[in-house]
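Worksheet: the structure to be examined is printed underneath.
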Amino acid sequence: MNRADRSGFAAWWFSVDRVALCLILALMGIGLLLAFAASPAISGGPGTAGDFRYALRQLSYAVMALGILAATSTLNIRQIKIVAAVVFAGALVGSFLVLLVGDEMLGAKRQLNLGIFNLQPSEFLKPSFAILAAVVLADRGKLPVPAPVLTFLLLLPALVILLLQPDVGQTGLLLSLWGAMLFFWGLPFIWVAAMAGCAGGLGLAAYTIFPHVHNRVNQYLGHSEIGYQAGLGLKAFANGGLTGVGPGSGTIKYRLPDAHADFVFATAGEEFGLLLCATIAALFCALTVRLLLRAAAAREGFAQLAGAGLAIVTAVQAFINMGVAVSLLPAKGMTLPFISYGGSSLFAMALTMGLALALTRHRPKISVRADGVLQWARA
Numbered sequence: 001m002n003r004a005d006r007s008g009f010a011a012w013w014f015s016v017d018r019v020a021l022c023l024i025l026a027l028m029g030i031g032l033l034l035a036f037a038a039s040p041a042i043s044g045g046p047g048t049a050g051d052f053r054y055a056l057r058q059l060s061y062a063v064m065a066l067g068i069l070a071a072t073s074t075l076n077i078r079q080i081k082i083v084a085a086v087v088f089a090g091a092l093v094g095s096f097l098v099l100l101v102g103d104e105m106l107g108a109k110r111q112l113n114l115g116i117f118n119l120q121p122s123e124f125l126k127p128s129f130a131i132l133a134a135v136v137l138a139d140r141g142k143l144p145v146p147a148p149v150l151t152f153l154l155l156l157p158a159l160v161i162l163l164l165q166p167d168v169g170q171t172g173l174l175l176s177l178w179g180a181m182l183f184f185w186g187l188p189f190i191w192v193a194a195m196a197g198c199a200g201g202l203g204l205a206a207y208t209i210f211p212h213v214h215n216r217v218n219q220y221l222g223h224s225e226i227g228y229q230a231g232l233g234l235k236a237f238a239n240g241g242l243t244g245v246g247p248g249s250g251t252i253k254y255r256l257p258d259a260h261a262d263f264v265f266a267t268a269g270e271e272f273g274l275l276l277c278a279t280i281a282a283l284f285c286a287l288t289v290r291l292l293l294r295a296a297a298a299r300e301g302f303a304q305l306a307g308a309g310l311a312i313v314t315a316v317q318a319f320i321n322m323g324v325a326v327s328l329l330p331a332k333g334m335t336l337p338f339i340s341y342g343g344s345s346l347f348a349m350a351l352t353m354g355l356a357l358a359l360t361r362h363r364p365k366i367s368v369r370a371d372g373v374l375q376w377a378r379a
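Reminder that position 155 of the sequence shown reads as 155 in this note's numbering, one-by-one numbering, no gaps.
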């Protein structure tokens with residue numbers, strides 16, 4: 001295959017960001033490795049032999065996620081906007097249905113039981129909102145209301161639904177994405193500072209209103225005993241050391257709730273040590289920087305804003321998950337992108353990165369080339 005090949009695959013291969021694609025595939029591969037490491041602990045126990053049912057299920061999710069990644073990375077700008085609008089509307093409806101018929105777990109409703117697997121619609125709000133907000137912010141026409149206000153009105157129904165579930169973490173993540181996109185758009189610094197103050201006020205309100213947030217923050221600040229999960233997570237890292245105890249040899253994962261999901265980073269630390277944890281962090285840093293640089297090089301303001309938003313929301317979610325695992329942040333049920341077990345998270349991240357790859361593809365500058373030919377002919 002060479003650049004003279006006019007097939008659809010060749011056109012995609014030579015225009016897509018292959019460096020970012022390799023980083024994404026590396027993270028997915030590590031996720032499957034850790035799924036096989038954690039599956040026996042989730043399906044069994046300290047005295048009971050487990051199996052690899054969860055790992056095989058995650059493998060099937062990964063195959064479907066690759067299809068989503070590949071399909072969305074081929075979209076053009078117009079198709080990206082249409083897909084984002086459809087996904088955002090569907091995610092809003094699904095999140096509302098969660099309030100009515102969703103499965104309740106630990107006092108919260110966040111998932112729809114579809115029989116084959118549980119779907120968390122709120123995961124798809126993040127990438128779709130990033131695209132729609134970029135559409136509004138990049139519009140140079142006269143809008144009926146200021147663009148920042150319009151993007152907030154677009155986000156408001158999602159925030160209300162998430163707080164009713166309640167899902168404070170996803171709410172905070174969406175607000176962070178909104179603030180980041182306004183910052184990239186060029187919002188004056190005084191307004192950025194005001195938004196930061198409002199965010200602090202909302203955090204204080206969540207601490208006051210929601211008991212589980214109150215307890216987790218108190219545990220983090222040392223006002224009460226350290227949380228059960230956080231304590232076991234730290235023990236897992238201490239037990240793993242630099243190189244880990246070896247694949248399948250971890251013991252703390254049998255006692256650690258969500259060792260395959262929210263605390264999969266601790267499982268990585270115990271069995272593969274600091275080396276794998278540092279590799280995961282480095283891959284996320286490299287992917288974020290790569291996507292931001294590619295977005296900055298885009299010709300259209302929409303592609304710049306949307307690409308930056310997709311990169312930032314992925315980076316912030318990864319930072320929160322890893323920060324919680326090492327007790328740098330209060331406990332929060334948030335998955336590690338591409339690494340944690342679960343179809344919803346993996347599909348949403350595949351959609352996110354597929355859209356990012358589509359936005360940052362090299363597209364020929366036909367008009368510029370035509371102008372150059374005309375100028376040469378006239379000369």
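Think of the CB as a built atom: it goes at the ideal place given N, C-alpha and C, for glycine as much as any other residue. No experiment lies behind these values; they were computed from the predicted model shown.
Of the choices the options, whose alpha-carbon is the least far from that of residue i?
i      : options                        : result
Leu150 : Ile312, Thr352, Leu32, Leu182  : Leu182
Ala147 : Leu59, Val136, Thr243, Gly241  : Val136
Leu287 : Ile24, Gly8, Ser15, Phe9       : Ile24
Gln317 : Ser327, Leu177, Ala278, Asp139 : Leu177
Tyr341 : Phe36, Leu21, Ala236, Ala10    : Phe36
Leu66  : His362, Ser128, Met349         : Met349
Asp167 : Ala180, Ile80, Met105, Ala11   : Met105
Gly301 : Ala236, Asn215, Trp185         : Trp185
Val326 : Phe263, Tyr61, Val313          : Phe263
Leu174 : Ala71, Val19, Val313           : Val313
Ser249 : Arg361, Pro40, Ile131, Gly115  : Pro40
Asp17  : Asn215, Ile131, Arg290         : Arg290
Leu132 : Tyr254, Pro337, Gln304, Lys109 : Gln304
Met64  : Gly309, Gln170, Pro188, Gly354 : Gly354
Ala331 : Gly244, Arg255, Gly233         : Gly233
Ala306 : Cys22, Ala134, Asp51           : Ala134
Arg255 : Phe14, Thr74, Ile42, Leu187    : Ile42
Arg361 : Thr72, Leu33, Leu275           : Thr72
Met195 : Val213, Leu100, Phe152, Ala70  : Phe152
So, helix, strand or coil for residue i, using DSSP?
i      : result
Glu104 : strand
Lys142 : coil
Arg294 : helix
Arg110 : strand
Asn239 : helix
Leu329 : coil
Leu276 : helix
Leu75  : coil
Gly372 : The predicted position of Gly372 is uncertain, since its pLDDT is 45 and thus under 50; no value can be drawn from it.
Leu359 : helix
Met322 : helix
Leu336 : coil
His223 : With a pLDDT of 49 at His223, under the threshold of 50, the modelled position of that residue is not reliable, and the figure given next carries that caveat. Coil, per DSSP.
Could you please give the first and the last residue of the uninterrupted alpha helix (DSSP H) stretch that includes residue i?
i      : result
Tyr54  : 53-72
Ser39  : 18-43
Leu175 : 168-185
Ile161 : 147-164
Ala259 : Careful: Ala259 lies outside any alpha helix (DSSP H) and carries neither H nor E.
Gly8   : 8-13
8 Å is my cut-off, CB to CB: does residue i come that close to chain D?
i      : result
Ala325 : Given the protein chain composition of this structure (a single chain), no chain D is represented.
Taking the straight line between their C-alpha atoms, what separation do you get for residue i and residue j?
i      : j      : result
Val324 : Gly141 : 43 Å
Ile320 : Gln229 : 15 Å
Phe265 : Met28  : 14 Å
Ala298 : Leu112 : 38 Å
Gly94  : Val160 : 14 Å
Gly231 : Leu328 : 12 Å
Ala358 : Ala11  : 12 Å
Gly31  : Pro144 : 45 Å
Phe129 : Trp191 : 21 Å
Gly90  : Asn76  : 21 Å
His223 : Lys235 : For His223, the predicted structure reports a pLDDT of 49, less than 50, and the residue's modelled location is therefore unreliable. A value from the coordinates is still provided. So the two alpha carbons sit approximately 20 Å from each other.
Val19  : Cys277 : 21 Å
Pro257 : Ala138 : 44 Å
Arg110 : Ser7   : 43 Å
Ala55  : Gly44  : 13 Å
Lys253 : Ala261 : 11 Å
Query raised in the report: Does the stretch 331-345 touch the stretch 111-122, meaning 3 or more C-beta pairs lie closer than 8 Å?
Result: yes
**Report entry** At least 3 beta-carbon pairs within less than 8 Å: the stretch 260-280 vs the stretch 292-300
**Finding:** no
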